[in-house]
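Worksheet: one structure, shown below.
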Amino acid sequence: FYPKVRDTGKMEDKLLDEELSRSNAPRKWPLKLFECCEYRDIKGNRMWCPEFCPKAVMCASGLAGRIHTSLIEEDPVCCGMGSEGLCCCIVLIPFSVYTPTGGMGALCLVTNYLRGKTMQKYGVEDNDLCNCSNTCVNSMCNFCCYGFFYPCSLFQMLVSIEYWEQEDILPLGEMDYSNQPIMHNFH
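The sequence shown begins at 1 in this note's numbering and counts up by one.
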């Protein structure tokens, strides 16, 4: 525990404040669940194609493998996936092929599992989609929603992990990505 340093205008104090805020503040998702089509990264690159469509929509197993690789900090060997991520991808391919009917249940479970692991690893504070007064109904509603909209959820996780990894390597005193607005293209 570090005491809060008074803002005297000194660079050292500002860097300490920034370090404390980075380590203690809960993170938020850099994009909302349904911002798949409008999202652009900090450099202004559109991420919708190919990351959301066709990858998240038609090959959810590949995104799940990449997310798993990032979560366990595995070195990529093929297609951005390490050996465990590749295994995850291969196991999920049959479920991706039979989506939306046959694979929906499996992808719902995998997406919610990866979402929980992502939130745990990166300290994400999630805003629930459902705001039911009954907590049991609320968590079931969110589980189904994140699972049913698994392409959006997988895309949100993949983009967020890349975003946070870039944010974490920024030297103190540099621009903090979390304070930057999401770039949208409404043209």
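Even for Gly, the Cβ is constructed at its ideal location relative to N, Cα and C. It should be emphasised that the depicted structure is a prediction, and the values quoted were computed from it without experimental measurement.
Which residue wins for smallest C-alpha separation from residue i, given the options the options?
i: Cys37; options: Leu63, Lys43, Phe52 and Cys144; result: Phe52
i: Gly44; options: Tyr163, Tyr113 and Ser139; result: Tyr163
i: Cys130; options: Tyr146, Arg40 and Gly62; result: Tyr146
i: Val91; options: Cys59, Gln120 and Met119; result: Cys59
i: Tyr150; options: Glu165, Phe95 and Leu107; result: Leu107
Whole angstroms is fine: what's the gap from residue i's alpha carbon to residue j's?
i: Gln156; j: Phe34; result: 9 Å
i: Lys117; j: Leu71; result: 7 Å
i: Ser139; j: Ser83; result: 33 Å
i: Ser21; j: Tyr122; result: Per-residue confidence for Ser21 stands at a pLDDT of 49, beneath the threshold of 50, marking its modelled position as unreliable; the derived number appears in the next sentence. Approximately 14 Å between the Cα atoms of the pair.
i: Tyr98; j: Asn127; result: 30 Å
i: Gly62; j: Ala56; result: 8 Å
i: Arg115; j: Lys32; result: 14 Å
Between which two residues does the alpha helix (DSSP H) carrying residue i extend?
i: Asp168; result: Tyr150 to Ile169
i: Leu31; result: It is not in any alpha helix (DSSP H) - Leu31 carries neither H nor E in the DSSP assignment.
Below 8 Å on the Cβ atoms is my contact criterion, and I expect residue i with residue j to pass it. Report the Cβ-Cβ distance as a whole number of Å.
i: Arg255; j: Leu158; result: Examination of residue 255 is not possible in this model, given that the chain is present from 1 through 187 alone.
i: Cys89; j: Ala64; result: 7 Å
i: Tyr39; j: Trp48; result: 7 Å
Which one or two residues does DSSP pair with residue i in a beta bridge?
i: Met119; result: Note: Met119 sits in no beta bridge, so no partner.
i: Met81; result: Cys78
i: Val124; result: Arg27
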